[in-house]
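Residues 1 to 486 in full-length UniProt numbering are what the sequence shown spells out, letter by letter.
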Amino acid sequence: MAKRTISGTSSHRAKVKKTCDSFKIEWLSEYVQIEGKAVKLGDIFSEENSVNHATVFAGLIQLRSCTAQDIVQAIRQFYTKHGLDMQRMVMLTSDGASVMLGKRNGVAALLKQQIPHLTEQHCVAHREDLSIDDAWKDLPLMRDVETFLRTVYSTFSRSTVKRGKFDELAKILDEDTLSFRPLNEVRWLSRDQAVKAVLRNYTVLEEYFERESSENGDPVANYCYKKLTDPKFKFTLTALGDVLGELAHLCLSFQKRNLTVLEGHCFARAKIEKLRSQYLTEGKDVRWSDRVKEAMNALSADGRNTGEILRFICKLCGHLDARFPEDELKEWSALDIEALSSDISFEYGAADIATLAKKYEAILHQPHSVEVINSEYAEFKFIMRQKLKQGSISTFSDMVAATLKCEELKHISQLVDICATFQASSADCERGFSLMNRIKTASRNRLEVDHLDQLMRIKSKLQADEAIDLDKVYNHWRREKDRREN
Numbered sequence: 001m002a003k004r005t006i007s008g009t010s011s012h013r014a015k016v017k018k019t020c021d022s023f024k025i026e027w028l029s030e031y032v033q034i035e036g037k038a039v040k041l042g043d044i045f046s047e048e049n050s051v052n053h054a055t056v057f058a059g060l061i062q063l064r065s066c067t068a069q070d071i072v073q074a075i076r077q078f079y080t081k082h083g084l085d086m087q088r089m090v091m092l093t094s095d096g097a098s099v100m101l102g103k104r105n106g107v108a109a110l111l112k113q114q115i116p117h118l119t120e121q122h123c124v125a126h127r128e129d130l131s132i133d134d135a136w137k138d139l140p141l142m143r144d145v146e147t148f149l150r151t152v153y154s155t156f157s158r159s160t161v162k163r164g165k166f167d168e169l170a171k172i173l174d175e176d177t178l179s180f181r182p183l184n185e186v187r188w189l190s191r192d193q194a195v196k197a198v199l200r201n202y203t204v205l206e207e208y209f210e211r212e213s214s215e216n217g218d219p220v221a222n223y224c225y226k227k228l229t230d231p232k233f234k235f236t237l238t239a240l241g242d243v244l245g246e247l248a249h250l251c252l253s254f255q256k257r258n259l260t261v262l263e264g265h266c267f268a269r270a271k272i273e274k275l276r277s278q279y280l281t282e283g284k285d286v287r288w289s290d291r292v293k294e295a296m297n298a299l300s301a302d303g304r305n306t307g308e309i310l311r312f313i314c315k316l317c318g319h320l321d322a323r324f325p326e327d328e329l330k331e332w333s334a335l336d337i338e339a340l341s342s343d344i345s346f347e348y349g350a351a352d353i354a355t356l357a358k359k360y361e362a363i364l365h366q367p368h369s370v371e372v373i374n375s376e377y378a379e380f381k382f383i384m385r386q387k388l389k390q391g392s393i394s395t396f397s398d399m400v401a402a403t404l405k406c407e408e409l410k411h412i413s414q415l416v417d418i419c420a421t422f423q424a425s426s427a428d429c430e431r432g433f434s435l436m437n438r439i440k441t442a443s444r445n446r447l448e449v450d451h452l453d454q455l456m457r458i459k460s461k462l463q464a465d466e467a468i469d470l471d472k473v474y475n476h477w478r479r480e481k482d483r484r485e486n
């Protein structure tokens, strides 16, 4: 495989994540998002169009130790090796581990000593999951639900006999079933999947545990049967299924490739407002779904206490609020396409653009760019507003492409370019490590770092439906060590 180099002068953003594989080896995965024209990864990758921004698998690094200092040193060595200017790094996206985002001695803090304009980004998907976890742990009711979900999963995952009886009963009752899923702290969608499986299998579960309780006197079955036949518990589980479904949809949105920080923040704030409007509007009835109303009708008038589930939703919104504050992206609101599409004043965004131009002054192309950008922004916002009215652009990506192509906006385009490299999620890193664990298995545990890196590179390209010239790959492999064809 050819030596990979990343060169160019465009600003870029790094996504990094530290993990430990099944063989207890520590790894650092790095993904770089960079303007397409500046990316060249060996001979087998073609050059991207200059107005596109793509996330590229930059490499896999085996770590000797996992301190912040060692991780920073590994990143610096990697950048030096591949000719990438660290001063043009504008954002570091990572999970919320203290070694990565610790305020004093985390990786981001150490990098900012060298790169003052660097912005650290706590992955939005991790933030959402932490918010759910915080709200979940706050209430005894949720811990009760968790105990039940874990009990059901353990019952059928540990016994093929019990699973066989359950499947046979489902056939007799002519019910479609869904596989039970575990509650997993490192899987973002596990709570929704676990609740969804129980709700789908509710009728069969109730019948199964009734039989096991009466025929075998199984205490676990008796516990589960009592829960399933409790109308209050069914109402709680059904309402919880609706809320977790909303959060699962948000999580999937957060995992989209090339999700910008502005888009991620918008999705989060919109979901908070929707949940509050539906469930927590003072003086108005809660907008329960039809299936929740059906479960509620089974309750007596005295038993219709919705306080606990509403308390969970209230705490959830509070935790989401704290992790996605409204003013988090105030500086970048000047480039918010939703704001630009509405009626705006001449002064709108001017102060924020001035702040951004000053912050990134060291990496702007011309020394006088700060003053020019401030005046050019007035043209930019009204040009983009007209394009939105005409329908020639509709998304943030459209706006970025239009700005980078417009000669009259060549100075403000530098800030737009920087904003376009900002990524809200580290989901690419998570996918990368999943890919690594599929490649490096128990039967292939002697793969060297370079070989594993190359296999991941090829697999990631194929998964993204990107073309690879296999003839070039083969010819390079043959030339590298003067291999001869048979």
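We put the beta carbon where it would ideally sit given N, CA and C, even for glycine.
Would you mind reading off the limits of the beta strand (DSSP E) that contains residue 324?
Note, residue 324: premise wrong, no beta strand (DSSP E); not H, not E.
Is the Cβ-Cβ distance between residue 85 and residue 315 less than 7 angstroms?
no
Ignore the nearest five residues each way along the sequence and tell me which others in residue 318's own chain have a CB closer than 8 angstroms to its CB.
135
Please report the Cβ distance between residue 93 and residue 397, rounded to the nearest whole angstrom; I am assuming they are in contact, meaning their Cβ atoms lie under 8 angstroms.
Between residue 397 and residue 93 the Cβ distance is about 18 angstroms, and since that is not below 8 angstroms, they are no contact.
With distances taken from CA atoms, which of 340, 420 and 161 is nearest residue 389?
Restricting attention to 340, 420 and 161, the CA atom closest to the CA of residue 389 is found in 340.
How is residue 148 classed by DSSP in three states: helix, strand or coil?
helix
Classify residue 172 as buried or exposed, calling it buried when 16 or more other Cβ atoms lie within 10 Å of its own Cβ.
So residue 172 counts as exposed.
Residue span of the alpha helix (DSSP H) that contains residue 246, given as start and end
231 to 254
Between the CA atoms of residue 193 and residue 489 - distance to the nearest angstrom
Here the chain comprises residues numbered 1 to 486, so residue 489 is not present and cannot be evaluated.
Please classify residue 56: does DSSP put it in a helix, a strand, or coil?
strand
Just grab the DSSP bridge partners of residue 94 for me.
According to the DSSP secondary-structure assignment, residue 94 is paired through a beta bridge with 122.
Own chain partners of residue 253 with C-beta closer than 7 angstroms, once the 5 adjacent residues on each side are dropped:
267
Just list the residues that DSSP pairs residue 260 with in beta bridges.
423
Stretch pair the region 249 to 264 + the region 119 to 129: three plus CB contacts closer than 8 angstroms
The region 249 to 264 is in contact with the region 119 to 129.
Residues of its chain near residue 331, where Cβ-Cβ distance is below 7 angstroms and the 5 sequence neighbours each way are ignored
352, 355 and 356
Does DSSP put residue 219 in a helix, in a strand, or in coil?
Residue 219: helix per DSSP, three-state reduction.
What is the DSSP secondary structure of residue 468, counted as helix, strand or coil?
coil
Distance, Cα to Cα, residue 484 vs residue 469?
The alpha-carbon atoms of residue 484 and residue 469 are separated by roughly 20 angstroms.
When the Cα atoms are used, what is the spatial distance from residue 244 to residue 408?
47 angstroms
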